[in-house]
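In full-length UniProt numbering, the protein residues as written are 1 to 167.
Heads up, the beta-carbon is just placed ideally off N, CA and C, and yes, glycines get one too.
Down below is the structure, laid out as structure tokens.
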């Protein structure tokens with residue numbers, strides 16, 4: 001299950017293996033909206049401070065984009081493997097997806113398309129809960145591998161900068 005605050009601290013959105021996204025009002029402690037995704041949700045991010053956009057990553061290899069004012073998703077992106085994690089760059093222009101095809105995908109949210117793929121010899125996404133992340137400055141991406149190493153790529157070059165072995 002994934003959970004993120006939606007806009008302010010009064011609402012939380014969750015995604016679950018029951019194939020739904022739910023919006024919760026923390027004041028009333030109740031679910032105020034349910035969105036049917038059709039696939040297990042493994043991670044999600046919220047894009048803006050207003051809480052109007054949710055992006056969810058699913059086991060059916062799809063990244064779904066949700067406008068909170070609508071019940072259905074639009075402009076979905078289908079990848080080549082299960083989506084295990086999502087991370088949003090601080091500038092909210094780029095989304096990082098960790099995918100079970102042993103890649104990280106960099107998605108430009110202004111164009112709604114994959115603009116870069118990160119992979120290398122030895123890197124394997126080891127489980128459905130592997131997590132990838134942007135560095136605070138957005139210049140690097142990092143993820144753990146099934147071989148016990150942490151792989152770090154430069155975003156601009158797409159090349160492996162560091163492999164931290166034997167974690």
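Task: residue 29 versus 136, 13, 154, residue with shortest Cα-Cα distance - done: 13
Task: Beta carbon of residue 128 nearer than 8 Å to that of residue 84 - done: yes
Open item on the list: Taking 7 Å as the cut-off, is the C-beta of residue 113 nearer than that to any heavy atom in the ligand GTP?
Closed with: You won't find the ligand GTP in this model; it holds no ligand whatsoever.
TODO: Please name the residue, chosen from 100, 68, 157, 70, that lies closest to residue 81 on a Cα-to-Cα basis.
DONE: 100
- [ ] Please say whether residue 96 and residue 132 have beta carbons closer to each other than 8 Å?
- [x] yes
Task: Candidates 148, 88, 116, 19, of which the one nearest residue 154 by Cα - done: 116
Task: Whole-number beta carbon distance between residue 124 and residue 156, since they are thought to touch under 8 Å - done: With 8 Å as the limit, residue 156 and residue 124 do not qualify as a contact, their Cβ atoms being about 24 Å apart.
Task: Integer Cβ distance of residue 86 from residue 43, believed to fall under 8 Å - done: 5 Å
- [ ] Measure the CB-CB distance between residue 37 and residue 64 and report whether it falls below 8 Å.
- [x] yes
Task: Contact set for residue 134: own chain, Cβ-Cβ below 7 Å, skip 5 residues either direction - done: 87, 89, 96, 141
Open item on the list: Let me check one thing: in DSSP terms, what residues is residue 64 bridge-paired to?
Closed with: 56
- [ ] Keeping to the same chain, check which residues put their C-beta closer than 6 Å to that of residue 51; ignore five residues upstream and five downstream.
- [x] 6, 7
Task: Nearest to residue 148 (by Cα), restricted to the options 45, 158, 164 - done: 164
Task: Endpoints, the beta strand (DSSP E) within which residue 113 is located - done: 113–118
- [ ] Starting from residue 143, follow its DSSP beta bridges and name the residues at the other end.
- [x] 132, 151
Task: Beta-carbon separation (whole angstroms), residue 168 vs residue 53, contact threshold 8 Å - done: As shown, the chain starts at 1 and ends at 167. That puts residue 168 outside it, with no answer to give.
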